[in-house]
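Take a look at the structure set out below.
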Amino acid sequence: MRSASTSTPLRRSACTPTMCWSPPESMPWPARICGREGSSEMSTIGRILRWLLPIGFFVWVGWHLGLIRYWVFLAIMIGWVVYVSRSVDPTLFRERFKPAGPTIDRYALRAIRATAGASLAVTLTDIDQFHWSDDVPPMVRAAGMIILIVSLALLAQSMIANRFFSTAIRLQTDRGHRVVDIGPYRYVRHPGYVAMAIVTPAIALALGSWYGALLALVYSALIVRRAAVEDRYLREHLEGYAQYAERIRFRLIPGVW
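The numbering of the sequence shown is the working numbering, which starts it at 347 and goes up by one.
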């Protein structure tokens, strides 16, 4: 005889091709992580944490350092992030989190990120613990802050003008990849790389660390190399880029290279 009791039916979960139990909608979100709503909520939480954790860390560092120039630097960076997030093509952020293409590109990108992180770590350690660079003149720090603002402005304009701005060297056929020749791309072929090569050394100087700036020069060299690799790839694979390169002769510095 069939039991008179009712049981919760099995439903196909969004997170696995097999059958799994999905709790009722009335249950709190941790119990629904196997379904679409739970997946969406976890994704939202992940995006929030991706922003809050770094901000919390840098605020804690500023509280520990107690340096006005550090708070000025942090305010500049937060302001830049807010401006860019409101100004660039929304699809650009999704593109930037896609996996890198060729192996050499992937390894080079890791080296670039590691060097940038190491430069910042050395800079903060220098000005907080070891004081190797206490002789950095205030005028040099002020100049570093101004250069930082200018380079961040150039980077923002490059990202706004180029909806194909990406961390991966690849042909974005899924997004209708084409040559961009507006904004700062009217003057050099890789203005974003120009800005990136300047930002990290400028941060080290603005905060007052010679050693952080020296390590940042390694980062800048890797950025210049990457610009050459990407330029060669685009010449070979992106339609119209070779003609663009004939019109805009210089990759990074007008009249030089």
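Backbone N, C-alpha and C fix where the C-beta goes; we use that ideal spot for every residue, glycine too.
Bear in mind the structure is a predicted one, so any value in this text is a computation, not a measurement.
Open item on the list: On the CB-based measure, 16 or more other CB atoms within 10 Å of its CB, does ASP472 come out buried or exposed?
Closed with: Buried, since its Cβ has 16 or more Cβ neighbours within 10 Å.
Task: Proximity winner among GLU582, ALA591, ALA574, VAL545, relative to THR461 (alpha-carbon distances) - done: Nearest option by C-alpha distance: VAL545.
Open item on the list: Taking 8 Å as the cut-off, does the stretch 470 to 487 touch the stretch 533 to 545 (at least 3 CB pairs, one atom from each stretch)?
Closed with: Too few Cβ pairs lie closer than 8 Å, so no.
- [ ] Measure how close the beta-carbons of LEU494 and ALA548 come, nearest whole angstrom, since I'm counting them as under 8 Å.
- [x] Sure, about 4 Å apart at Cβ, within 8 Å.
TODO: From the DSSP output, in three-state form, read off SER479 for me.
DONE: In this structure, SER479 counts as coil in the three-state DSSP scheme.
Task: Residues near ILE424 in its chain [Cβ-Cβ closer than 8 Å; skip 5 each side] - done: In chain order, ILE401 place their CB closer than 8 Å to the CB of ILE424, counting only its own chain and leaving out the 5 sequence neighbours on each side.
- [ ] On a CA-only basis, which of LEU395, LEU420, LEU584, ILE391 is nearest VAL405? Give me that one, please.
- [x] Taking each of LEU395, LEU420, LEU584, ILE391 in turn and checking the Cα distance to VAL405, the smallest one comes out for LEU420.
- [ ] Could you pull out every residue in the same chain whose Cβ sits closer than 8 Å to the Cβ of ILE422, ignoring the five residues on either side in sequence?
- [x] For ILE422, same chain residues with a beta-carbon under 8 Å away, outside a window of 5 residues either side, are MET491, LEU494, ILE495, LEU498 in chain order.
TODO: Give me the Cα-Cα distance between VAL525 and TYR579, rounded to the nearest whole angstrom.
DONE: When rounded, the distance between both Cα atoms is 13 Å.
TODO: Measuring alpha carbon to alpha carbon, tell me which of ALA454, ILE414, VAL407 ends up nearest ALA552.
DONE: Nearest in C-alpha terms to ALA552, of all of ALA454, ILE414, VAL407, is ILE414.
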